[in-house]
Every structure is written in C-alpha cells, then in structure tokens.
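Asks:
Residue numbers (this note's numbering), protein chains in the order written: chain A, 1 to 387; chain B, 1001 to 1449; chain C, 2001 to 2239.
1. Can you tell me whether residue 2069/C is buried or exposed? The criterion is at least 16 other CB atoms within 10 Å of its CB, across all chains shown.
2. Taking 8 Å as the CB-CB limit, is residue 1261/B close to chain A?
3. Mind listing which residues of the segment 2164 to 2193 of chain C have their C-beta closer than 8 Å to chain A's C-betas, in chain order?
4. Which residues of chain A have a Cβ atom closer than 8 Å to the Cβ of residue 2141/C, listed in chain order?
5. Could you list which residues in chain A have their beta carbon closer than 7 Å to that of residue 1406/B, in chain order?
6. Taking 8 Å as the threshold (C-beta atoms), are residue 2118/C and residue 2101/C in contact?
7. Is there at least one Cβ from chain B nearer than 8 Å to residue 52/A's Cβ?
8. Using a Cβ-Cβ cut-off of 8 Å, state whether residue 2075/C counts as contacting chain A.
9. Can you give me the C-alpha to C-alpha distance between residue 1022/B and residue 1031/B, rounded to a whole angstrom?
10. Please work out which residues of its chain come closer than 7 Å, Cβ to Cβ, to residue 1020/B, disregarding the five sequence neighbours upstream and downstream, and give them in chain order.
11. Taking residue 110/A as the query, report the chain B residues whose CB atoms sit under 7 Å from its CB, ordered along the chain.
12. Residue 1240/B and residue 1226/B - do their beta-carbons sit closer together than 8 Å?
13. Can you have a look at residue 1262/B and say buried or exposed, based on whether 16 or more other CB atoms are within 10 angstroms of its CB?
14. Is there a Cβ from chain A that is less than 8 Å from the Cβ of residue 2159/C?
15. Ignore the nearest five residues each way along the sequence and tell me which others in residue 2058/C's own chain have a CB closer than 8 Å to its CB.
16. Taking the C-alpha atoms as reference points, what is the distance between residue 370/A and residue 1373/B?
17. Tell me the DSSP secondary structure of residue 328/A in three-state form.
18. On the three-pair Cβ rule with 8 Å, is the segment 1158 to 1171 of chain B touching the segment 1227 to 1236 of chain B?
19. So for residue 2058/C, helix, strand or coil by DSSP?
20. I'd like to know if residue 274/A contacts chain C, where contact means its C-beta is closer than 8 Å to some C-beta of that chain.
21. Using the three-state DSSP reduction, which class does residue 2146/C fall into: helix, strand or coil?
22. Taking C-beta pairs closer than 7 Å, name the residues in chain A that residue 1286/B reaches, listed in chain order.
23. Exposed or buried, which one is residue 144/A when buried takes at least 16 other CB atoms within 10 Å?
24. Checking contacts by CB at 8 Å: is residue 139/A closer than that to chain B?
25. Scan the segment 1269 to 1294 of chain B and note each continuous alpha helix (DSSP H) run of 4 residues or more that stays entirely inside, going in chain order.
26. I'd like to know whether the C-beta of residue 2071/C is nearer than 8 Å to at least one C-beta of chain A.
27. I'd like to know whether the C-beta atoms of residue 2157/C and residue 2220/C end up nearer to each other than 8 Å.
28. Does any residue of chain C have a CB that is nearer than 8 Å to the CB of residue 123/A?
29. Apart from the five residues just before and just after residue 158/A, which ones in its own chain have a Cβ nearer than 7 Å to its Cβ?
30. For a test of the three-state rule: what should DSSP assign to residue 2160/C, helix, strand or coil?
31. Just the C-alpha distance for residue 171/A and residue 186/A, rounded to the nearest angstrom, thanks.
32. Can you pull the chain A neighbours of residue 1377/B, defined as C-beta to C-beta under 9 Å?
33. For residue 181/A, go through chain D and note every residue whose CB falls closer than 9 Å to its CB, in chain order.
34. Between which two residues does the beta strand (DSSP E) containing residue 1383/B stretch?
35. Residue 2225/C and residue 2192/C look like a contact to me (Cβ under 8 Å); what is the Cβ gap, rounded to whole Å?
36. Indicate whether at least one CB of chain B lies closer than 8 Å to the CB of residue 64/A.
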C-alpha cells in the first residue's frame, strides 16, 4: 500500500470517527432532558481550564521527545514538584532569616549556575547583575514576605525548571546514545524515585492547598434559571496558559536558542556541526518543559485545592496521551491534544454520567488506539520508523 | 549425563534443606522470604522471557499477575466465605466440577488427595490460562509497533486491567475496591511455591535452549535477519507473550494464596517496576540472572525494614549527607577510572556541596528540637530500588550475569582462560617463536631437555 | 611555505575497538583546495568527523590555525572558522531556506556581515533567493546541496569541509556544483573535499590524498594523481 493511500485511509478513518462522535453527542444531548445551555457553558469553562492544564504538561512531554526521543515518565512528578514548591513558598514564608539565608545560598547558587549555562551568560557584568537579582530577590521573598500565589508561582516555576535540568543531567545525560528502552526504564525509575522522595519529604497524606481567596471567591452568574459556578481560577488558568504559550512561541520561532532547539530536534548531529551546543539545548528543553509543568501544577493545586505526592501519575498519563493525540514532537499538536482531551473528559462525564468511573480507563484505551492506528497524531507527520 | 546428575543432586539437596528449615525453630521469617522469592522469581523469569530474551520492553506484567490472582481467588473461595453472589459463582462451579479428589480416591490414590488440594493445581492452571489469553491480546500490538511506543501500549494494557475490577459493571464479579478476602493459603506455602518455581525454571530453561528460544533471541538481535531465516515473527512474538503471561498468571495466583486476599492495589505498576529492577539487576536475558536479581530485591524489601524505622531527625540529615558525599566520591572515582575528563563536573559538585551543607546542618543544629524529634522515612526501600535501577542503567546495563546462564561447566569444567597444549600448538601466534617470546623460551627448554 | 591551516599529525581514530584511521598525516595550506579520495569504508568520513570533533582522536593531534584543537568541542572549532557541508546534504527539513541559512550563521552576531554573506550566497545560488520561504525538506537533491553549501558559507569560514558533494546528483548538476566550489575556493576559502568521484575532484583540486582502510596510500598534486598508474587502475578506470 503506497504511502499516500495509507495516509488518506487513516484520514478517512479519523473523519469517520469524528462524525460518529458528533452523531453520538447530538443523540445524547437530545436524550438528556436537562442539558441546558447553562450546562454547556459550565462544561465549556471547566473543559477550557482542564484542557489548558493538560496542554501545559503535554508540551513538556512533546518537547523532550522531539529533541531526544525520550518519553519522560518522570514529567508527572515534575508537575507535582511545582505544586509543592509553591505550597511551601506560600506556607513557610516569612521564615527565619538563617534558614532563608541557607536556602538562598543553596537554591540561588544552583539556579545561577544552571541559568548561566542555559542562556550563555558568561559575561561577568551580566552574571553579577543576575546573581544580585536572584540572591536579593530570593532572600527578600523568603525572609520578609508572606508569599502570595503569583510570587509562589514564579518562584516555583524557577525552582522546578532547575529541578528538571538536574534530572536530565543526573539521570538522562549519562545514557545519551544508549538504546531507547534503557532510557525509558531509567525514566520510570526516576519517576518512582521522585514519587517516593516526595512521600518521604512531603508526607504521604493529601495536603490541602488554600490559595488566595481572591481566586476562589465565587463569581457565579446565572444563565436563564441556572447558576454557572465560576471562580477566578477559571479565568486565570486559560489566561496564564495563553500568555505562556505566546512567550514560548516567540522564543521558539524568533530567538537564536529557539531555532537551535528546533534544529537539534530535526538533526542533532548537523546542529552540532553548525556550532550548536547540543547539551545546552537539551538542558534548555527540560528547563522550559519543567517551567510549564510547574505552572500547571500550581494552577491545578489552586483549582482542586489539594496536593499529594502521587498527584502526578494520572494527569501525567493523560497529558502524555494528549501529546500523542496531537502528534508527539509537535508543539501545536500538544496544545491541541491537551485542549481536546480536556474537552472530551469533561463532556463525556457530563453527557454520560454513568461512565465517569471509566474516566481513567478511557484515557488509556484512547492512548492505545492512537498509538496503534495513528501514531503520528492529528498534526504530526508520519514517523516511519515506528512501522 | 554428569550435568543432569549434578542438577538432580542439587535439587535433592535443596529439598532436604527446605525440609530441615521447615522443621527448625523460628524459621518462619526465612521461610516467608523464600516463598516470596519463589513467587516473584516465577514472575521475574516470565517477564525476562519478553524483556530479556525476546528483547521487547513490556510494562504490563502486573496486569497478567492480577488476572491470575483474581481467577485463582474466584475459583478457590471456600464455601463459608461471605461474598456477593456473583463473586461466589466461579468457586461454586469449581467446587462441583473441579473436584479431582473424587477421581483420585476412586483410583486408590488417596494419599495424594489428602496431602494437596488438587483443585488448587487446576485453579492455578486456569489462572495461567486466563492470563495467557489476555497475553495474546497484549502481544498483538508487538507486530506493528516497536520500542518505546510498544512499551507504552503494554503499560496501558496493564493499567486498564488494573482499573477494570473497580469498575461498577465488573465489581459484581470482583467485589470492587474491597477485593476478595479469605482465599485459602495452601498454595502460598513454601512447598507449593518451591515446586512451582522448579517447574517454571525447568520449562523456561528447556524453552530457552530450544529452537523457540533461539528464535526469540534472533528476533531480539535482528528482526529482519531472523525473518529472512524463516522465523515467523508474528507466531513467535505472540507465543512469547502467551507463555510469559501464563506463568505471570500462575505467579499471581500463588501470591493471592500467600496473601490470602487480593484487590486492585495488590498488583499495581510498582509490581512491574519491582520485577524490572530484579531482572535488570540480574541481567536481562538470563534466567539465572532473573532469579539472582529477584532474590536480592526481595531480600532488600523484606529485610530493609530497618531503614524505615523511627529515628531522630538528625540521623536523616546525616544519612543524606553520607549519601551525597559518597555519590560525589563514587562518580569522581568512576570518571577517574574511565579516564574521562574533567574528573569533576558541575553536577557532581552540586552533590558534594549539598552533602557538605547537610553535614554542616547536622553538626551545627544537632541539639535543636527539630533535629531530635523522631521521624520515619517511609518508602526508603522503594527509593533504594529506584536508585539501584538508575545506577544499573548508567554503569552496568548488562546487570550481574549479562546474558550468561549458570552451567556446571563453570565450576567443574576445564579452565577456558588458559590455553591447553593442543590449543597452543594450533594457535599460530602462540606457537610462533618469532612472535611470542614465551614460545621461544619453550623451544629452548624443549631443545635443551 | 605559509603556515598550514589544518594539520593532522599521526592521527589514529577508533570506533570502539575498531581502528578507522591509522597514523594519518595530512596538511592543508590556506587557499588550497584539497581532495580526499578512497573507496567505501576507507576512512574518509571518519577523517572529516575527526577534524570536526564528532569523533575523538585515539592518538595523534589535530591543529587548526596553529592551535591544537583535538581536545576542543565542535562548537569551538566552528567558531574558529570551520564549516561543513555534510554527506547527503542534511538540511534541516522542517525549517525554511532562510532559517537554514540563518543556522549556518548561528555563532555570529554581526548583522551587517551576515547580510553581506547572505547576498553573496544568493549570487552563487539565485535559486535559493527565489525559494526563501520554502521548507527545505521539500526541495530537490540538487537544491538541497546548494542550500547546504550556502549554509556552510554563512559562517564566513576559513575552511569548508565537504563530504561527498556529488552523491546522488545528476552528472550535469555535479559539474555545476564543482564549478561553484572552485569559485568559492578562488575567493580565498580553503576547501577540503571528500569524494568518491575521483575524476571530477582531481580536475579542480590542487592536491589530493588517497585513503585505503584508514591509511594514506597516495598523496600529491592533483595532476600527478590523475596520471598515476595505480590511481588510474583503482579509481579512475583504465584509459
């Protein structure tokens, strides 16, 4: 079967599946008497938020896979770390100045080293300025301020980004060039390591996450006779996501490092021949992916009010599924897949409430089907090595 | 001939030793450990068939074990155990139709019927069969996918199987998240598991050294070449999955009997991870290695409990400092030994710095209240297993045994590293005095003798 | 004799336990065009990779512009003035022609100089200017070769390494490409061409080396090699 016939066959298949889905939904809506417009709006808002979160996490998976062909099993744990860093930032501050100093030196030092190597900041003046900013800022925030959610978000993003870089340096870089299965096994081990470290350091219990009331204050409004339950977070999540995506897109398409990342993803050896420092690019990829996951983690924690060390498992798998749906390796694909998965999850549960127990099973089934029948995803191109 | 006798003698000795152990005082802990080694050993060698010999990374093994565990549980539920009607269905049927005891008594083989519950044998067999059927389904994608995508698909299957018993429609049969309790523990004893383990070892060893085993390893090395040699890829791949799933199901059934209860948390992804550590540590592709690795990780799991006892907090900081500093020293040593430059990289320095910082904190704040309060480090054993796996992947991917197997030749055969007289004469380099000064000396010796 | 631009002294390189290069000595002077010839698996590509730093030397030293570079990373060597046109072109398929060219200038910061070089590349390869926004992966083999060469020129190198530029191209195209290589060389850029097509390589090169199983078996001015008996029999065909 020629390539074009195969491609059009799977496109046909996808279209048919889509058509079937639309018919199913329409029938179901007709069957459910009480599916009002208010419900549609409610579900839409929830789905947008959930989908945005999945999109942010999915980007991390897709970027890392695109550049080193590794499925970073531990990415869900990075997401979890983001929540916890923000949690501790908000609850432990202001802290004793001695502790603040210790953390500033250790954390700040590590962040400084990592940022320097990531962004080519060898100039002494630039380094000094950055160092001043990091150390002074961190110390101030830790010792004197009861951090609010925005500061905690930013600090957590930075810390988690660095954690992602460290993960790559310690666990994945030594396996550069090893067979992919070995890297996957290592990623699984790293995932378990982080989960259990989290349980050890943060306690195994579920932890309540009380964000600023400003975000959780109800902003309910009514449509017709029904109330749509609405809090600030449902605006914040899509907005923050949109901003992050915009910045990411700018970075990847306009800046030199961004182009180097794209080039490395396409042909790492030739990128090296152009003078690209491949190690730096890979570390940067992990950094960006982890930043986005951290943002998702913090917002997820605000939205659902709880965190626990194993919180990364299920969202991680779902986000990975989203990345695969959109086409692994493709950034817009990850966003598309994330949003799609969010919408599917919310609307299926809303339209077929009896199926809600199968939510997670459904995610896995979808993953298997996509990998079997359309591994290149919706947006991705055919990865011929898979067949 | 000699090998077979040696093997039989060893087995005989093992049986004797086991018997003595069961009679000994206070040995229940050790016997328990052995039972677990046998059970996980069966699961590990069955996983090794796919991951090690066939060369396909399969991450869904916990699903097969779960099926085996549940089927065994459902078949073997005793009559008096209270359970929802549907859950009892299978065991009622089993009691009526699988009662081999009647036939044995009829044939006059009472002693067998009295000593072991044959129903269990059949139940385990059916458990394995059920898992094998699912194994065919899980193995099918291996015809189309490769590498990490395939691994994810198997992982997906494993998780789906894990989630299904909790689903409302299925829970009628499986009693949902509560699981099934009161499973008879006969099959979970050390004798049952020991003989099951022996059987599985024997079977898989015969398989490995048969044409099937060679076909599997051929597929692992080069699929296309294997196909060109006439190996039917589809048949062999699915066969490997089926056999592997079968024994995983048996292991699951044995474990269910050992625990005397099952629920969906008994067989979660950690089980597969645990087995993965075991076979990677022992050596992917080696049955001996899988057994060795299993023994090690099971012992870590059982006897590592001391790590998770309550300690004053400063022990934790101190321990952390020791770990960091030894990691730093270890990586520096490895890099020096492998002559890598630079010997100390930034990331290693971070470890060192953290270690020193923790040490300082311990020393300086030793008597602070937050240092002396007791803490418990739950999950330290799991962390240890994860670290072991990462270290193996980085420093010694082939594990302890690599792909080699134990054979009596290693102990009783002639040394293979020293050339024999015959080999010397045949080796052009060794026997040529112009090239080998020792040979020249030898010629002189021979001449002057 | 001016200072050599590139020098390989007694270089041996290994792929694991296999020795791919055995005590190779080579030298390139500024402004020269030198070709490296040999059959398959003779070590030609390995030589390029060793010069670039993609393969580590086991023994021996590599000097570039008087400096010892074999311990240095690839990016350092590129910065010092090397550029490469890889085997099979290997353009970045999902980037546009413009972006590919920009990647060639990755290590540069001078916008004005980059613009000048871009214009020069367009003057050599007008086709590229026409297709600035096209995805490189959709171009033909010949166009990709032009793009790869243009990309190499964008770093304003002192030395261009070319790996089998004639591979997979129609003979007419090969002639054009080699004419352009000659033009670039006349501008003062030293060119080191690895080629299987000995005839055309020797017709424009100044000197040549012949590799066989990792060792230099012949070297000398291109004209001498063209008329060398052993060469003709092995690589040029009996005349």
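Glycine included, every Cβ here is placed at the ideal spot set by N, Cα and C. No experiment lies behind these values; they were computed from the predicted model shown.
Replies: Taking the coordinates as given:
1. For the purposes of this step, residue 2069/C is taken as residue 69 along the third chain, with counting starting at 1. Classification of residue 2069/C: buried, given that the 10 Å Cβ count is 16 or more.
2. If you number the second chain from 1, residue 1261/B lands on position 261. So no, residue 1261/B is outside the interface.
3. none
4. Position 141 of the third chain, counted from the first residue, corresponds to residue 2141/C. Here the premise fails: no neighbours, minimum Cβ distance about 16 Å.
5. Residue numbering aside, residue 1406/B sits at position 406 when the second chain is read from its first letter. Residues of chain A passing the Cβ test: none, with the nearest at roughly 24 Å.
6. Your numbering for residue 2101/C matches position 101 in the third chain. Your numbering for residue 2118/C matches position 118 in the third chain. The answer is yes: Cβ separation under 8 Å.
7. What you label residue 52/A is simply residue 52 of the first chain in a count that begins at 1. No, no contact with chain B.
8. Position 75 of the third chain holds residue 2075/C. Chain A contact via Cβ: present.
9. In the second chain, residue 1022/B corresponds to position 22, counting from 1. In the second chain, residue 1031/B corresponds to position 31, counting from 1. Their Cα atoms are separated by approximately 7 Å.
10. On the second chain, position 20 is the one that residue 1020/B refers to. Closer than 7 Å at the Cβ level, and outside the excluded window around residue 1020/B, lies no residue.
11. Position 110 of the first chain, counting from 1, holds the residue named residue 110/A. Correct list: 1350.
12. Stepping through the second chain from its first residue, residue 1226/B is reached at position 226. Stepping through the second chain from its first residue, residue 1240/B is reached at position 240. No.
13. For the purposes of this step, residue 1262/B is taken as residue 262 along the second chain, with counting starting at 1. Under this definition residue 1262/B is a buried residue.
14. If you number the third chain from 1, residue 2159/C lands on position 159. No, residue 2159/C does not count as interfacial toward chain A.
15. As a first step, residue 2058/C is located in the third chain; it is residue number 58 there, counting from the start. So the qualifying residues of the chain are 2012, 2013, 2014 and 2019.
16. For the purposes of this step, residue 370/A is taken as residue 370 along the first chain, with counting starting at 1. For the purposes of this step, residue 1373/B is taken as residue 373 along the second chain, with counting starting at 1. The alpha-carbon atoms of residue 370/A and residue 1373/B are separated by roughly 52 Å.
17. Translated into positions along the first chain, residue 328/A becomes position 328. Here residue 328/A sits in coil by DSSP.
18. no
19. On the third chain, residue 2058/C is found 58 positions in, with the first residue counted as 1. If DSSP states are grouped into helix, strand and coil, residue 2058/C belongs with the strands.
20. Reading the first chain from its first residue, position 274 is the one you call residue 274/A. Yes, residue 274/A lies at the interface with chain C (some Cβ there is under 8 Å from its Cβ).
21. Taking the first residue of the third chain as 1, we reach residue 2146/C at position 146. Note: residue 2146/C maps to helix in three-state DSSP.
22. The sequence position of residue 1286/B within the second chain is 286, counting from 1. The premise fails here: residue 1286/B is roughly 17 Å from chain A at the closest Cβ pair, so nothing lies under 7 Å.
23. Here residue 144/A refers to the residue found at position 144 of the first chain. By the neighbour-count rule (16 or more Cβ atoms within 10 Å), residue 144/A is not buried but exposed.
24. The count along the first chain starts at 1 and reaches residue 139/A at position 139. Residue 139/A does not count as touching chain B.
25. 1269 to 1282
26. Looking up residue 2071/C in the third chain gives position 71. Residue 2071/C does not count as touching chain A.
27. On the third chain, position 157 is the one that residue 2157/C refers to. On the third chain, position 220 is the one that residue 2220/C refers to. No, these two residues do not count as a Cβ contact at 8 Å.
28. Indexing the first chain from 1 puts residue 123/A at position 123. No, because no Cβ of chain C sits closer than 8 Å to the Cβ of residue 123/A.
29. Walking along the first chain from the start, residue 158/A turns up at place 158. Closer than 7 Å at Cβ, skipping near neighbours: 111.
30. Along the third chain, one-based indexing puts residue 2160/C at 160. In this structure, residue 2160/C counts as strand in the three-state DSSP scheme.
31. Indexing the first chain from 1 puts residue 171/A at position 171. Indexing the first chain from 1 puts residue 186/A at position 186. Those two C-alpha atoms are separated by around 7 Å.
32. Counted from its first residue, the second chain places residue 1377/B at position 377. Going along chain A in sequence order, the residues near residue 1377/B (Cβ under 9 Å) are 200.
33. No chain D appears in the structure shown, which is made up of the protein chains A, B and C.
34. The residue labelled residue 1383/B in the question sits at position 383 within the second chain. Here residue 1383/B belongs to no beta strand (DSSP E); instead the alpha helix (DSSP H) covers 1380 to 1395.
35. Here the question's residue 2225/C lines up with position 225 in the third chain. Here the question's residue 2192/C lines up with position 192 in the third chain. The Cβ separation is near 15 Å, so there is no contact.
36. Taking the first chain and counting its residues from 1, one reaches residue 64/A at position 64. Output row for residue 64/A: interface = no.
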